[in-house]
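Below: the structure, in C-alpha cells.
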C-alpha cells in the first residue's frame, strides 16, 4: 500500500490510549448519544402535540402505510449493504467495497426520494366529497377531517386542496420538522458515503488498515436507521392504528 | 470489474509550518494556548456583562430614575444574563478544562487538538454575534426567552434572531469541546491514572462534559422550533393554532437545569483542588465527593419543573418536583461537609486562592439555603419573579461559580504565567469581593420579600424599596474596585512579576510536577501514576523519589516528541458558521439566504480540508 498520503487519522490510530479504544470511535459514540437527545426532544414535541391539532388533515388522513413501509424497507436494506461494504473493505476487496457503498448511497437516495414524494403528496392532499349527506348515509360516519369539512361547508359538495403544510396545524408543524431533520441526517450520510466512495479512487486513502474511516460512517448510518424505526413506529403506525381508548 | 477511471482532483491542502505572530495563535492547536485564549476572551466578556449590570444598578439606584429607557433596560437584563451564563462562566470553565485537564491526567494534549481550536473559534464567533447585536437592538425577552415574548408578532426585531443564532453557534462550540474532553479523560490518562486517582477537577469536568453532551441538544431543538415559528410561521408556540407556550418552558428548563450544574460542577472541582493544598491534608472523602458530583448530575435531570411552580402544572407535579429538588440538596450538602472536613484540623495557609475557596463555601451555602426555600412550591409562589430569585442566582453563580473561578485563577496563575502575583493585592481583591457582593446581592433578598418584581426598569417612590436598592447599587462600586485591583495585580505581574517556581503551593497534582509555564509538550516523559495525589506522594510519601522534571519549552533535545501540528481549518470552519449565522439573520440581503449559503460553503470547505489535511512533521 502506498503511504505517500497520510492524514491525522493514521497518526492517531497508532497512538497510545488508556482504554485501548480508538479516540474517534469513542467521539462518534458520544455524538450519537447527543443525537439521541436531539431526536428525543423532537419526538417528545411530536407526542406532546399529538391529537392537539385544531384543524385537519390528521395523520390518519394522509399517511399511506404501504408506501412508507416500502421506503422503510429500502432504508433498512441500505444498512445491510453498508455492512457488506465494510466487510468487503476489511477483506481488501476494493471493488466490492465500491459496489456496496454505491448501493448504500442509492438506497439512501431512494428513501429521500420517497420522502420528497410523501412531503409533496401530503402538502397537496385534497378531499373531494360529492355530497356530505350521501357520504353520511353510505358509510354511517365520517372520519374527523371529513366531518369537520362538512360541518364547516355551506353546500353539500365539499372540495379542498389546502393540503397539509407545516403551517396548517400542529401535526404538520411537528411532523415535517421531525421527519425533515431525519431526512437531513440521511442526506448528510449520503454525502459522507459518496465522499468515501470518491476517495477510494485516490490511492491509499481507503485501505483495510484505515477501515475506521468507513466504520464511523457506518455507525452513523445505522444510527440514522434506528431512529427511523422509532419514527416509523411511533409516528406512522401509532398514528394510523391508535391505542384503544386514545 | 476494473477500477473506473474517475478523475480525482489533486488538491494540495497545506498545513502551516512553524507559524509566527498572530498566525501562530490563529492556527494553534496547543491546549494551553487555547486555554489562555478562552480565559482572556471570557474575562473580557465577563467585564462586558458587568458593565451591563452596572448600568442596570444605576438605573435602579433610586425611584423613578431615567438613565435608560424601559426598552434598553429589557435588553440590558437579557444580555446580562445570557452573557454571564454562556459567554462568561461557561467559557471561563472551558479555559480551565483546556489548560488543566491534559496536565492533570498526564497527557501531552487533548484527544482532538484541532476540534479544540474549532471550539474556541466557534465560541468567539457566537460571542461576537451576540454582543454585536447591541447595534440595532439586542434581545429583550429575558435570558430564558419565554414564548410568546419571542414570537415574531410580539418581537419583530432582529434581536431575538441574533440571540437564537448565537446560542446555536455557542452550542456547537460547547458540544465540540464536551466530546473532546470526554474522550480525552477516558482515553488519554497516563499509565496508572485510574478513575479513582483522577484529580477532582478533572472528575467534575468529566461529569460536566457528559451533562453538556446530553443537555445541549434539547436547547438546540427548542431554538430550532422557535426559529421555524419566527421564519416560516410554524405553530410550535402559536397558541392560536393549538400550540403551547409551556412546551418552551419545559424544553428550556430540561436543558436549563442541567445547565446550572454545568456552571457549578467545575467550580466545585476547583474548590476541591484548592482546599486540600492549603490545608495540607488530602481531600476528606474523595470517593464521596466524586459520587456526590455524579449524583448531582444525574438528579439534575429530575428537577427542571421547579422553575415552573407557578405555571399551574398541578399539585402532583409540584409535589414531585418539590421532593426531588429537596433531595438534590443532599449530595450538595455532602460536598459541603467534605470540604469542611478537609479544612478541619488542617494547617491552613490563608493565601488568596484559599480565601476565595473559603468565600465560595460561605456564599454558596447562602445561595443553597435560599435554593431550598424556592424548592418548597408553596413558598416559591411568594418569591416567583421577585428580586428574591436574582438574589439566589447571584449567590450561587457569583458567590459560587465566580468565586471558585477566581480562586482557580489565583491558584494556577503561577502555573500558566510562570510568575507570582502580589499576595497583598490578591487579599485586598478578596475582601473587596466579599464585602461588595454581600452589599450588592444581600439586599435583593429584602426587596424581593417586600414584593419588588425582577426585571422592572423603575419603581415608584414610597414602596419601601429605596434604601436597599441604593445600598445594592453602592455595592457594585466595591466590586468594580475589586476587579480593578485584580486586573492591575495580575496584568502587571504577568509581565514582570517575580518568577514562580514549579510548585509554589506545595501542591498535590501532576501539573505542579512540571515547569511553570509548562513546555509545549507538557511532559518530557509521560508520568506513571501510582496513587491519588501522586505528586504529593512522590514528594512526601512512600514512592521512591522521582526527579522533578525541569527544563523549558526551548529544550532542543526533545525533537522526538511529536506534537500535533497547527492548522488553518478549524478557524475557517468556525468562520463559516459565523458567516452562516449572519446569513440566516439577514436572509433577505441581495438574494434569499445568499450569505447563509456562503457560510455553509465555507464550513463545508473547512470540514473537507480538515479531514484531508496531511500530517507534516517539520522534522
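Chains as they are written, first to last, in the numbering used here: chain A, 1 to 246; chain B, 247 to 865. Backbone N, C-alpha and C define an ideal beta-carbon position, used for all residues, glycine too.
Asked: Which residue or residues does DSSP assign as beta-bridge partners of residue 598 of chain B?; Found: Answer is none; residue 598 of chain B lacks a bridge partner.
Asked: What distance in whole Å lies between the Cβ atoms of residue 621 of chain B and residue 568 of chain B, which are believed to be in contact at a cut-off of 8 Å?; Found: 6 Å
Asked: Establish whether the CB of residue 432 of chain B and some CB of chain A are separated by less than 8 Å.; Found: yes
Asked: Please name the residues in the region 31 to 63 of chain A whose beta-carbon is closer than 9 Å to at least one beta-carbon of chain B, in chain order.; Found: 31, 33, 34, 35, 36, 37, 38, 39, 40, 41, 42, 44, 45, 48, 49, 52, 53, 54 and 55
Asked: List, in chain order, every chain B residue whose beta-carbon is nearer than 7 Å to that of residue 104 of chain A.; Found: Going along chain B, no residue has its Cβ under 7 Å from residue 104 of chain A, so there is no contact; the nearest lies around 17 Å.
Asked: Does any CB atom of chain A fall closer than 8 Å to the CB of residue 482 of chain B?; Found: yes
Asked: Is residue 21 of chain A close to chain B, meaning its C-beta is less than 8 Å from at least one C-beta of that chain?; Found: yes
Asked: Grab me the residues of residue 794 of chain B's own chain with a C-beta within less than 7 Å of its C-beta, minus the 5 sequence neighbours each way, in chain order.; Found: Unreliable positioning characterises residue 794 of chain B in this predicted model, as indicated by a pLDDT of 48, which lies under 50. The coordinate reading is nonetheless provided below. 748 and 759, listed in sequence order.
Asked: Please confirm whether residue 466 of chain B has its beta-carbon closer than 8 Å to some beta-carbon of chain A.; Found: yes
Asked: Beta strand (DSSP E) containing residue 128 of chain A: first to last residue?; Found: 127 to 129
Asked: Tell me the DSSP bridge mates of residue 160 of chain A?; Found: A:127
Asked: Pull the bridge partners of residue 745 of chain B from the DSSP assignment, please.; Found: B:665
Asked: If you drop the 5 nearest sequence neighbours on each side, which residues of the same chain put their C-beta closer than 7 Å to that of residue 492 of chain B?; Found: 557
Asked: Which ranges would you report for the beta strand (DSSP E) in the region 632 to 702 of chain B if only whole runs of at least 3 residues count?; Found: none
Asked: Identify which residue in B:356, B:781 and B:410 has its Cα closest to the Cα of residue 423 of chain B.; Found: B:356
Asked: Flag residue 842 of chain B as yes if its beta-carbon sits less than 8 Å from any beta-carbon of chain A, otherwise no.; Found: no
Asked: Could you say which of A:104, A:66 and A:121 lies nearest to residue 217 of chain A if we only look at CA atoms?; Found: A:104
Asked: Which residues, in chain order, does the region 414 to 441 of chain B contribute to contact with chain A at a C-beta distance below 7 Å?; Found: 421, 425, 428, 429, 432, 433, 434 and 435
Asked: DSSP on residue 155 of chain A, reduced to helix/strand/coil?; Found: coil
Asked: If we cut at 8 Å on Cβ distances, does residue 169 of chain A have a partner in chain B?; Found: yes
Asked: Do you know whose CA, among A:106, A:54 and A:41, lies nearest residue 170 of chain A's CA?; Found: A:54
Asked: Please classify residue 144 of chain A: is it buried, with 16 or more other beta-carbons within 10 angstroms of its beta-carbon, or exposed?; Found: exposed
Asked: Counting only beta-carbon separations shorter than 8 Å, does residue 80 of chain A have a partner in chain B?; Found: no
Asked: Within 8 Å of any Cβ in chain E, is that where the Cβ of residue 212 of chain A sits?; Found: In the displayed structure, chain E is absent; the protein chains listed are A and B.
Asked: Assign residue 817 of chain B to one of two classes, buried (16 or more other C-beta atoms within 10 Å of its C-beta) or exposed (fewer than that).; Found: buried
Asked: Using a C-beta to C-beta distance shorter than 7 Å, which residues of chain A count as neighbours of residue 357 of chain B?; Found: 23
Asked: Look up residue 532 of chain B in the DSSP assignment and say whether it is helix, strand or coil.; Found: helix
Asked: Would you kindly check if the distance between the Cβ of residue 647 of chain B and the Cβ of residue 509 of chain B is under 8 Å?; Found: yes
Asked: To be precise: take each residue of the region 392 to 408 of chain B, compare its Cβ to all Cβ atoms of chain A, and keep it if any distance is under 8 Å. Which residues remain?; Found: none
Asked: Output, in chain order, the set of chain A residues within a Cβ distance shorter than 7 Å of residue 487 of chain B.; Found: 54, 169 and 170
Asked: Is there contact here, the region 388 to 397 of chain B with the region 427 to 435 of chain B, by at least three beta-carbon pairs under 8 Å?; Found: no
Asked: Are the CB atoms of residue 425 of chain B and residue 459 of chain B nearer to each other than 8 Å?; Found: yes
Asked: Is there a Cβ of chain A sitting closer than 8 Å to that of residue 463 of chain B, yes or no?; Found: yes
Asked: I want to verify the contact list: residues of chain A whose CB lies under 7 Å from the CB of residue 474 of chain B, in sequence order.; Found: 177
Asked: Would you call the region 174 to 193 of chain A in contact with the region 27 to 45 of chain A, where contact means no fewer than 3 C-beta pairs closer than 8 Å?; Found: yes
Asked: Using the C-alpha atoms, what's the distance from residue 705 of chain B back to residue 718 of chain B?; Found: 15 Å
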